[in-house]
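Numbering (mature numbering (1 follows the signal peptide of the UniProt record, and there is no 0)), first residue to last: -27 to -1, 1 to 259. Using N, Cα and C, we set each Cβ at its ideal position, and we do this for glycine too. Keep in mind that this is a model prediction, so the values were computed, not measured. Structure first, then comments.
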């Protein structure tokens, strides 16, 4: 090969090597890529905006998903007790949130949720909030995280009438009232009725959806319970009542046991019913 041709080939190979090896350096992960660099958020209300595409993913307990990635960390410390909602639904990618009380780890994990998380914050406690890309978007993106005082939970408070009624078939009717907080959109009452008959505990369960007035007057409800292991009779019984309230953001439950007397016959108060409780889709962030 002539000298000038060999020199030309060598020059081309050298230029190609430079092109192949001189790749731009990757950007460094953000400073809050790990809990030690967590950024404080607050006082409330607060907003944090961040590009998380260079963040890495290291789990510290809590919830995760098969495609989790690009997690960043924030802290929240309040001077007074508050009910808080932390929300990342304004981001341009799917997010999963983990909440820790103190240094993140399995022993300090409190709760998790996709996109938005509500919790009761205690004064002086430092809460660590992990925001991870998940659920179809593991590469991160433009994060928008807000933290503010949350509205009151959708609480339903129930009472049970002191007298219930049993029928000839061994079923029992329990009635009471329900009051709904102003944030309630859907409500239900679930009753587990138990009664000792001789040496046997007779029990049964049933519930009813309730149409109540958010923040308004109590409404009546009635549940008829049958048992698979015996017949209810006249005498003392216990009604274990779960009162459930939901709205688009969350559900809240309250539990209470009530003593009542079952009698034969008697009036049957009208049943208060309403729209079915909303179905809540399963989450891959768990």
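Checklist entry - Is residue 13 helix, strand or coil when you go by DSSP? => result strand
Item to check | Neighbourhood of residue 75 by C-beta, 7 Å cutoff - its chain only, sequence neighbours within 5 removed | outcome: 81 and 99
Checklist entry - How many Å lie between residue 46 and residue 189 at the Cα? => result 41 Å
Item to check | Cross-strand partners of residue 185 (DSSP beta bridge) | outcome: According to DSSP, residue 185 bridges with nothing at all.
Item to check | Buried versus exposed, by CB contacts within 10 Å (16 or more), residue 253 | outcome: Residue placement at residue 253 is flagged as unreliable, the pLDDT there being 42, under the threshold of 50; the coordinate-derived value follows with that caveat. Counting Cβ neighbours within 10 Å, residue 253 comes out exposed, since fewer than 16 surround it.
Item to check | Alpha-carbon to alpha-carbon, residue 21 and residue 271 | outcome: It is not possible to answer for residue 271, since the shown part of the chain is limited to -27 through 259.
Checklist entry - Among residues of its own chain, excluding the 5 on either side of residue 40, which ones have a beta-carbon nearer than 6 Å to its beta-carbon? => result 111
Item to check | For residue 32 and residue 134, the rounded distance between their alpha carbons | outcome: 50 Å
Item to check | Which listed residue (17, 222, 2 and -1) has its alpha carbon closest to that of residue 119 | outcome: 17
Checklist entry - Between residue 79 and the rest of its own chain, which residues show a CB-CB distance below 6 Å, the 5 nearest in sequence each way excluded? => result 34
Item to check | Endpoints, the beta strand (DSSP E) within which residue 206 is located | outcome: Segment: none, residue 206 is in no beta strand (DSSP E) and carries neither H nor E.
Checklist entry - Is the CB-CB distance between residue 210 and residue 178 below 7 Å? => result no
Checklist entry - Which residues in the same chain as residue 220 place their Cβ atom closer than 7 Å to its Cβ, once the five residues preceding and following it in sequence are excluded? => result 127, 156, 157 and 158
Item to check | Environment of residue 54 [buried if 16+ CB atoms lie within 10 Å] | outcome: exposed
Item to check | Contacts around residue 2, its chain only, beta-carbon distance under 6 Å, and the 5 residues preceding and following it disregarded | outcome: 27, 28 and 29
Next on the checklist: What residue range does the beta strand (DSSP E) around residue 230 cover?
Outcome noted: 224 to 237
Checklist entry - Looking at the structure shown, is residue 193 part of a helix, part of a strand, or coil, going by DSSP? => result strand
Checklist entry - Rounded C-beta distance between residue 229 and residue 214? I'm assuming under 8 Å. => result 6 Å
Checklist entry - Out of curiosity, what's the CA-to-CA distance linking residue 123 and residue 144? => result 43 Å
Checklist entry - How long is the line joining the alpha carbons of residue 198 and residue 192, rounded to whole angstroms? => result 20 Å
Item to check | Span separating the alpha-carbon of residue 136 from that of residue 234 | outcome: 5 Å
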